[in-house]
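Asker:
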Amino acid sequence: MEITYVVIISIITYILGSITKLFIDNIPNKFIPLQNVVIGVISAFICYFTGVETSLLQALVLCLVSTMGAGGIADLVNIKNK
Numbered sequence: 006m007e008i009t010y011v012v013i014i015s016i017i018t019y020i021l022g023s024i025t026k027l028f029i030d031n032i033p034n035k036f037i038p039l040q041n042v043v044i045g046v047i048s049a050f051i052c053y054f055t056g057v058e059t060s061l062l063q064a065l066v067l068c069l070v071s072t073m074g075a076g077g078i079a080d081l082v083n084i085k086n087k
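Start counting the sequence shown at 6; every next residue gets the next number (the numbering used here).
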């Protein structure tokens, strides 16, 4: 089941990232956490309504923690590279 969350979150992130790159040239860094929250909520609803998770609250928490954690890791990598 856990790998299903990762796949769903990755697909939603890819789709929203592509849409963002097409329509918005440069997003300020202050909006990236908001984008991560939107990705987490959409992913949670998909996980809940497809039957991957039976509890909406658990799906929300798991997907939000995953997306925010991934965003934090990406920031750490960018800081290390600078």
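Beta carbons are placed, not taken as given, at the ideal position from N, Cα and C, and that holds for glycine.
1) Return yes when the Cβ of C52 is within less than 8 Å of the Cβ of K20, no when it is not.
2) Leaving out five residues before and five after I32 in sequence, what residues of the same chain have Cβ atoms less than 8 Å from its Cβ?
3) Going by beta-carbon coordinates alone, are L69 and Y10 separated by less than 8 Å?
4) Look at the alpha carbon of S48 and the alpha carbon of I17, and state the distance between them as a whole number of angstroms.
5) Determine the extent of the alpha helix (DSSP H) in which I37 is found, giving its start and end residues.
Answerer: On the basis of the data shown:
1) Checking the sequence shown, residue 20 turns out to be Ile, not Lys. Their beta carbons are not under 8 Å apart, which means I20 does not touch C52 by this criterion.
2) T25 and Q40
3) no
4) 7 Å
5) I37 to F54
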